[in-house]
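Novice: Read in order, the letters of the sequence shown correspond to residues 1 to 150 in the numbering used here. Each residue gets a CB set at the ideal place from its N, CA and C atoms; glycine is no exception. This structure is in structure tokens; I'll ask about it shortly.
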Amino acid sequence: MERRSNQPAPPEGSVAAVAELLASLVGQAILFNEQVARALGIGAVDLQAFGVISRYDGPISPTEVAARTGLPASTTTRVLDRLEQAGYVVRSAVPGDRRKVGVEVVQEKAAEVARHYLGKVQQIKKLNAKRTDAEVAAVTSYLSELTARP
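Have a look at this one:
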């Protein structure tokens with residue numbers, strides 16, 4: 001994202017500090033998600049794909065799952081096969097175009113997955129309670145921009 005001309009460039013030290021903290025956060029998230037996936041009896045990539053599907057509003061096409069995960073189509077098919085076999089998703093024909101397939105999460109499994117993240121949600125709530133609404137909004141805006149797809 002381009003910096004607005006009326007905003008000063010951040011000092012290099014702050015960029016390095018943010019990059020280091022984000023690298024640590026990503027590493028912690030990867031390891032935590034590996035533990036959750038193991039506890040659920042599925043693979044970590046399958047869990048991440050499940051997350052993509054669960055955050056989508058309504059049925060998602062396998063092509064869109066591939067685009068959002070960055071996985072090749074053939075890998076996405078195998079991931080969806082495993083998730084369906086394990087009862088995490090269902091695939092069905094899209095009404096109005098029976099040639100297309102939509103993928104949706106099984107709500108009971110979504111609830112099971114969510115239970116593993118309750119501690120993280122509580123941690124976020126505690127951190128948010130220590131900050132003003134404006135500070136939380138700034139962090140949310142920053143992270144939204146950082147995670148936006150190009």
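1. Report the three-state DSSP secondary structure of residue 53 (helix, strand or coil).
2. Please tell me whether residue 80 and residue 62 are closer than 8 angstroms, where the distance is taken between their beta carbons.
3. Identify the residues that DSSP records as bridge partners of residue 93: which are they?
4. Straight-line CA distance for residue 100 to residue 12?
5. For residue 31, which of 129, 135 and 45 has the nearest alpha-carbon?
6. Run the CB neighbour count on residue 143, radius 10 Å, all protein chains shown included, and call it buried at 16 or more, exposed below.
7. So residue 54 and residue 110 are supposed to be a Cβ contact under 8 angstroms. How far apart are they, rounded?
8. When you compare each of 131, 113, 118 and 126 to residue 38 by their alpha carbons, which one comes out closest?
Specialist: A quick look at the data gives this:
1. helix
2. yes
3. 101
4. 49 angstroms
5. 45
6. exposed
7. 5 angstroms
8. 113
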